[in-house]
Amino acid sequence: MTDRYFEDYVPGVTHDCGSVEVSEAEILEFARRYDPQDFHVDAAAAADGPFGGLIASGWHTASLMMRLYAEHYLSAVSSLGSPGVDELRWPRPVRPGVVLRLRATVAEARLSRSKPDRGLVRTRVEFLDGDDVVFSASVLNLIRVRPAGPGRESAG
2 MTDRYFEDYV PGVTHDCGSV EVSEAEILEF ARRYDPQDFH VDAAAAADGP
52 FGGLIASGWH TASLMMRLYA EHYLSAVSSL GSPGVDELRW PRPVRPGVVL
102 RLRATVAEAR LSRSKPDRGL VRTRVEFLDG DDVVFSASVL NLIRVRPAGP
152 GRESAG
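Spelled out as structure tokens, the structure:
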């Protein structure tokens, strides 16, 4: 990924953030450690459960999203963390063997009023199984502005 700064996160622009295959082994491993509900950890019990089979924990799905988001959307030179995530939704279950694709759309970008070296970027993320959204959220990130350099005005 190329380095991105606050100025590069333009409202309305959508970024393809790659894809990941969700394996049954990973579903089971994550759920056994962090979300041990039957429909996440026991394929036989899950078959008779509310989803008709084994599904990934929503928190596992969120973790997979974060991996792609960090690798393909945020930039190590400018990411300053996040004050929060809003509107997490899991509208469809994630099943073993699917390939999820992450789409990130810049919803808002504004400079910080108190710290002129950074801005706030709100991003709408959607994890897709084909055309179906299986996870969505509104993520807020603090992003460093491009540093002043030769021939550039200072950011402030």
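Take 2 as the starting number for the sequence shown in this note's numbering and just add one per residue. Backbone N, C-alpha and C fix where the C-beta goes; we use that ideal spot for every residue, glycine too.
Would you say the beta carbon of residue i is closer than 7 Å to some non-hydrogen atom of the ligand COA?
i: THR15; result: Of the ligands one can find in the structure shown there are none, so the ligand COA has no counterpart to examine.
Put residue i into one of helix, strand or coil per three-state DSSP.
i: THR124; result: strand
i: SER139; result: strand
i: ALA156; result: Below a pLDDT of 50, predicted positions are generally treated as unreliable, and ALA156, at 46, falls in that range; the measurement from the model is reported next regardless. Note: ALA156 maps to coil in three-state DSSP.
i: LEU69; result: helix
i: THR15; result: strand
If you compare alpha carbons, which of the options is closest to residue i?
i: PRO51; options: PHE40, SER58 and TRP60; result: PHE40
i: ILE28; options: PRO97, TRP91 and TYR10; result: PRO97
i: VAL14; options: THR124, ARG147, VAL86 and SER137; result: THR124
i: TRP91; options: ASP130, SER115, GLY82 and VAL78; result: ASP130
i: ASP132; options: ASN142, SER24 and VAL99; result: VAL99
i: ALA32; options: GLY59, VAL146 and LEU103; result: GLY59
Which one or two residues does DSSP pair with residue i in a beta bridge?
i: SER20; result: ARG102
i: ILE144; result: SER80 and GLY120
Check whether the stretch 23-40 and the stretch 107-124 are in contact - that is, three or more C-beta pairs closer than 8 Å. Judged by Cβ distances under 8 Å, the stretch 23-40 makes no contact with the stretch 107-124, as fewer than three pairs qualify.
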